[in-house]
Every structure is written in C-alpha cells, then in structure tokens.
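Its first residue numbered 1, the sequence shown is counted upward by one per residue in my numbering. Inspection log for the structure reproduced underneath, given as structure tokens.
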Amino acid sequence: MLLRAGAAALLTDVVTIARNAGDAILRIERDGAGDVRRKHDESMLTQADLVAESLIARALAARDPQTPIISEEGRCDAHGGAPSRFWLVDPLDGTREFIAGNGEYTVNIALVEDGEAVLGVVHAPALETTYAAARGLGAQRIAAGTSQPIRARAGGELVVVASRSHPGPLLDRFLAALPPHRTVAMGSALKLCAVADGTALLYPRLGPTCWWDTAAAHAVVAESGATVVALDNAPLRYAGSDVRNPPFVCSALPRSTWERAAEAVGAELR
1 MLLRAGAAAL LTDVVTIARN AGDAILRIER DGAGDVRRKH DESMLTQADL
51 VAESLIARAL AARDPQTPII SEEGRCDAHG GAPSRFWLVD PLDGTREFIA
101 GNGEYTVNIA LVEDGEAVLG VVHAPALETT YAAARGLGAQ RIAAGTSQPI
151 RARAGGELVV VASRSHPGPL LDRFLAALPP HRTVAMGSAL KLCAVADGTA
201 LLYPRLGPTC WWDTAAAHAV VAESGATVVA LDNAPLRYAG SDVRNPPFVC
251 SALPRSTWER AAEAVGAELR
C-alpha cells in the first residue's frame, strides 16, 4: 500500500527515472530515430523504445525489487491476471510523434494498487516538462526547474483535445454532439495532462488504448480533480488479464456536458 509518508520520496525517485529515460531518448533523437520496425499489432518500435525500457526496468527493480513491472515492451505481462501491486510502464508513448519529430511524446511510469493508478509520472523530454502525482499529494507540473501544483479547470472556454495520430472514425460524431467548443490535436499522454492542468476540459478517446498509455496520466488527472471514465461512467481500472482500455472520456466537466456525445457513439462501440 502506498503510504503518504513514503509517497513523496518515491515520486521524486520515479521523476528522476523518467527524466533519465527521457535524456536517453533525446540522445537517440539527435542521432536520428534509427531502425523503425512494426510489432505484431502493427504499432511501431524504435531503438529509443528499447533503450528507455531497459533503463526504466533496471532502475525500478533497484528501487523496488519486490514489485513486478508490466510494460508495453513486455518485461512482464498480465496473462493470468495482473498482480495487486505493479509498475506499469510505457517507455515511449507517442512513437509516431517521436518519429515525426514534433516533440509530443512522453515517458509514462505508474504504480498500480488494487486496479487503481496511485502514482504517476508523465515526462515529455523534448518539451522539458514533467507531470507527476501521488495519491493524497496533489498533482504538479515541473518545467524550467520549477514545480507548480496544477488543478483541472471546470469553467471557461470548452477546449477539447483529440489524438493527433489516432483520431478514429467516431470522433467527428462525438464532437458534433458537444456544445460549442474548440478542438486541439495533440499526441501521447499529454492529452490527459492537458485536462489535468486546465489547458483543456475534455479528452474523448474512442479508439484502442492499453493500460500503459493512460495509467500514469490517470494518476495525475485524478489528483488534479478531473476524471477518466468509460462511456458508461465506470472508472478506468487496471486489473484482470486484458490490458486494453475501453473507450473513455477524460473530463473536468460534469457528465451532463458530454453525455449526449457519448450516446451518439455508444451504439457503435457496444
């Protein structure tokens, strides 16, 4: 169980691990993305994914040897059911953004306990920005050497973030059913963090994602006062043996704001 007394120190250490992985990714990016190959699910894999994965796995094992790691690159898997406590890692979330060179990629590290993300770090190396949170400690954004607490914004202009590389065919239908709004395309877990820090109010994700795509930012969102829920309003959980997330909405607004949009796409997603 994540105890408040030790959570701050653990969070600091995980921020350092994520930044070290980010520095390794930046070094590879400066030299070019290197070989790019496709995995069995047609997603892309680069040298940066593998180097960051190895660095994070070694560092987490040294810091917390009793806790298993589930990672996109397969250090451990959830076959037979995820353990009650585990690290969840995406060493390079937004590989398409990394290859495109637009900077919108992140290193994601989360600690999951009993199906809930209780600690999360999302580091954007190219943007020199880190989002971090642990249960009961609030959420923070670290940039230019300064840490500032962040809170979701529940009013003002309705800004909606959407996936830059994976918008999906149902997104237009969802957006059409929303109140007047402005849409901003963005990559990786930064979309969830945009809701957490008040840059946006809503992020619908109707296409496929996996646990490692969302858990770290989910912890940040939760501590910021926003929510991440499936279209039926059930909270996203990280338990069982299926690492795929259902379609979800990250929101700083009441469900009534986007319920009609969810209904507009719900039949297609059942």
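Glycine is no exception: its CB is placed at the ideal position from the N, C-alpha and C atoms. Predicted model, so just to flag it, every value in this text is computed and none were measured.
Q: Can you tell me which of the three DSSP states V161 falls into?
A: The count along the sequence shown starts at 1 and reaches residue 161 at position 161. Reduced to three states, the DSSP call for V161 is strand.
Q. Taking the DSSP output, what are the residues bridged to D90?
A. For the purposes of this step, residue 90 is identified with residue 90 of the sequence shown, where counting begins at 1. Beta-bridge pairing links D90 to N108.
Q: Compare the Cα-Cα distances from V265 to each of R27, A176, G138 and report the closest residue.
A: What you label residue 265 is simply residue 265 of the sequence shown in a count that begins at 1. It is A176.
Q. Are there three or more Cβ pairs, one per stretch, closer than 8 Å when the segment 110-117 is compared with the segment 192-209?
A. At 8 Å Cβ cutoff, the stretches do not touch.
Q. Skipping 5 residues on each side, what residues in its chain have a beta carbon closer than 7 Å to that of H123?
A. Position 123 of the sequence shown, counted from the start, is the residue given in the question as residue 123. For H123, same chain residues with a beta-carbon under 7 Å away, outside a window of 5 residues either side, are A18, R19, G22, T106, V107, T130 in chain order.
Q | Reference I25; option with closest CA among G207, L11, D93 | A | Numbered from its first residue, the sequence shown carries residue 25 at position 25. Out of G207, L11, D93, D93 has the C-alpha closest to the C-alpha of I25.
Q) Hey, quick one: how far does the beta strand (DSSP E) through S256 stretch, first residue to last? A) The sequence position of residue 256 within the sequence shown is 256, counting from 1. No beta strand (DSSP E) contains S256, which is instead part of the alpha helix (DSSP H) from 255-269.
Q: Taking only the alpha-carbon atoms, compute the straight-line gap between P180 and R260 and give it to the nearest angstrom.
A: In the sequence shown, counting from the first residue as 1, residue 180 sits at position 180. In the sequence shown, counting from the first residue as 1, residue 260 sits at position 260. Roughly 13 Å between the two C-alpha positions.
**Q.** Three-way DSSP call (helix, strand, coil) for R153 in this model
**A.** Walking along the sequence shown from the start, residue 153 turns up at place 153. Reduced to three states, the DSSP call for R153 is coil.
(Q) Considering only the alpha carbon of each residue, which of A7, A8, W258, L45 lies closest to R173? (A) As a first step, residue 173 is located in the sequence shown; it is residue number 173 there, counting from the start. Closest option to R173, Cα to Cα, is W258.
**Q.** Cut-off 8 Å between Cβ atoms - residues of its own chain near A9, not counting five sequence neighbours on either side
**A.** What you label residue 9 is simply residue 9 of the sequence shown in a count that begins at 1. Within the same chain, A9 has no close Cβ partners at all.
Q: Measure the C-alpha to C-alpha separation of I69 and V159 and round it to an integer number of angstroms.
A: For the purposes of this step, residue 69 is taken as residue 69 along the sequence shown, with counting starting at 1. For the purposes of this step, residue 159 is taken as residue 159 along the sequence shown, with counting starting at 1. Distance between the alpha carbons of I69 and V159: 35 Å.
**Q.** N-terminal and C-terminal residue of the alpha helix (DSSP H) that Q66 is part of
**A.** Residue mapping note: residue 66 aligns to position 66 of the sequence shown, counting from 1. Note, Q66: premise wrong, no alpha helix (DSSP H); not H, not E.
Q.
Distance check for A217 and R244, CA to CA, integer angstroms please.
A. Looking up residue 244 in the sequence shown gives position 244. Looking up residue 217 in the sequence shown gives position 217. C-alpha of R244 to C-alpha of A217: approximately 16 Å in a straight line.
Q. In whole angstroms, what separates the C-alpha of A194 from that of P235?
A. Taking the sequence shown and counting its residues from 1, the one referred to as residue 194 is at position 194. Taking the sequence shown and counting its residues from 1, the one referred to as residue 235 is at position 235. Cα to Cα, the separation comes out at about 19 Å.
Q) Helix or strand or just coil, what does DSSP make of E113? A) Position 113 of the sequence shown, counting from 1, holds the residue named residue 113. The answer is strand: DSSP assigns E113 an E or B state.
Q. Just curious, the beta strand (DSSP E) that T214 is in, first and last residue?
A. What you label residue 214 is simply residue 214 of the sequence shown in a count that begins at 1. Premise fails: T214 lies in the alpha helix (DSSP H), 211-224, not in any beta strand (DSSP E).
**Q.** Beta-carbon proximity check, I150 vs A134, cutoff 8 Å
**A.** As a first step, residue 150 must be located in the sequence shown, where it is residue number 150. As a first step, residue 134 must be located in the sequence shown, where it is residue number 134. For I150 and A134, no; Cβs fall outside 8 Å.
Q.
The alpha helix (DSSP H) that contains L202, what's its start and end?
A. Here residue 202 refers to the residue found at position 202 of the sequence shown. In this chain, L202 is not harboured by any alpha helix (DSSP H); it is covered by the beta strand (DSSP E) spanning 202-205.
Q: List in chain order: all unbroken beta strand (DSSP E) runs of 3+ residues lying wholly within the segment 169-205.
A: The qualifying runs are 182-186, 202-205.
Q. Got a sec? Which residues, its chain only, sit under 6 Å from A185 by beta carbon, not counting five neighbours each side?
A. Looking up residue 185 in the sequence shown gives position 185. Around A185: A162, R164.
Q) Ordered along the chain, which non-local residues of its own chain (more than five positions away) have a Cβ less than 6 Å from that of P246? A) Position 246 of the sequence shown, counted from the start, is the residue given in the question as residue 246. Once the five neighbours on either side are set aside, the close Cβ partners of P246 are A230.
Q) Sorted by chain position, which residues of the same chain lie with C-beta nearer than 6 Å to P83's C-beta, five sequence neighbours on each side aside? A) As a working mapping, residue 83 is identified with position 83 in the sequence shown. Once the five neighbours on either side are set aside, the close Cβ partners of P83 are P68.
Q) Hey, would you say L119 sits closer than 8 Å to V14, going by beta carbons? A) Here residue 119 is taken as the residue at index 119 of the sequence shown, counted from 1. Here residue 14 is taken as the residue at index 14 of the sequence shown, counted from 1. A contact, by the Cβ cut-off of 8 Å.
Q) How long is the line joining the alpha carbons of D41 and I28, rounded to whole angstroms? A) Taking the sequence shown and counting its residues from 1, the one referred to as residue 41 is at position 41. Taking the sequence shown and counting its residues from 1, the one referred to as residue 28 is at position 28. Note on D41: pLDDT 49, under 50, position unreliable in the model; no value is reported.
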